[in-house]
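First the structure, in the form of structure tokens, and then the observations on it.
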Amino acid sequence: KDLAELVKAKTFRQDLYYRLAVLPLYLPALRERRDDIPLLVRHFVAASCARHHQPVRYVEERALRLLRDAPWPGNVRQLQHYIERAVVTTVGP
1 KDLAELVKAK
11 TFRQDLYYRL
21 AVLPLYLPAL
31 RERRDDIPLL
41 VRHFVAASCA
51 RHHQPVRYVE
61 ERALRLLRDA
71 PWPGNVRQLQ
81 HYIERAVVTT
91 VGP
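In terms of this note's numbering, the sequence shown opens at residue 1 and continues consecutively.
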């Protein structure tokens, strides 16, 4: 969202805007960075397996393609939670 426009519309606090606007960043949506998804998936699988004291699981290429093609409206956080849930609920290697 464009915070400057929200400030003009008086739906975002101006003082907070100026605190955040010191270093403006553009972070593209995950759907604009689909080539990053396999790397992120592997990272989240390894981290989640370590957190739950499970051996690191292999992610098949077909699964990576399906994950890469998903819309991910919640961006990286949604992908991370999806992988976490998959690691916790998957039985076997």
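All C-beta atoms in this analysis are idealised placements derived from N, C-alpha and C, irrespective of residue type, glycine included. Remember, predicted model here, so these are calculated numbers, not experimental data.
Taking C-beta atoms under 8 Å as the contact rule, L79 and L40 qualify, at a distance of about 6 Å.
For a cut-off of 8 Å, the C-beta gap from R68 to R34 is around 5 Å, short enough to register as a contact. Look at Y26 here: in three-state DSSP terms it is coil, with no helix or strand label. The stretch 2–21 makes no contact with the stretch 43–54; the number of CB pairs closer than 8 Å stays below 3. Annotation for C49: P55, V56, R57, V87 place their beta carbon closer than 7 Å to its own, counting only its chain and skipping 5 residues before and after. By the neighbour-count criterion, in which 16 or more other beta carbons inside 10 Å mark a residue as buried, L27 falls on the exposed side. In this structure, V76 lies away from V59, with their beta-carbon atoms at least 8 Å apart.
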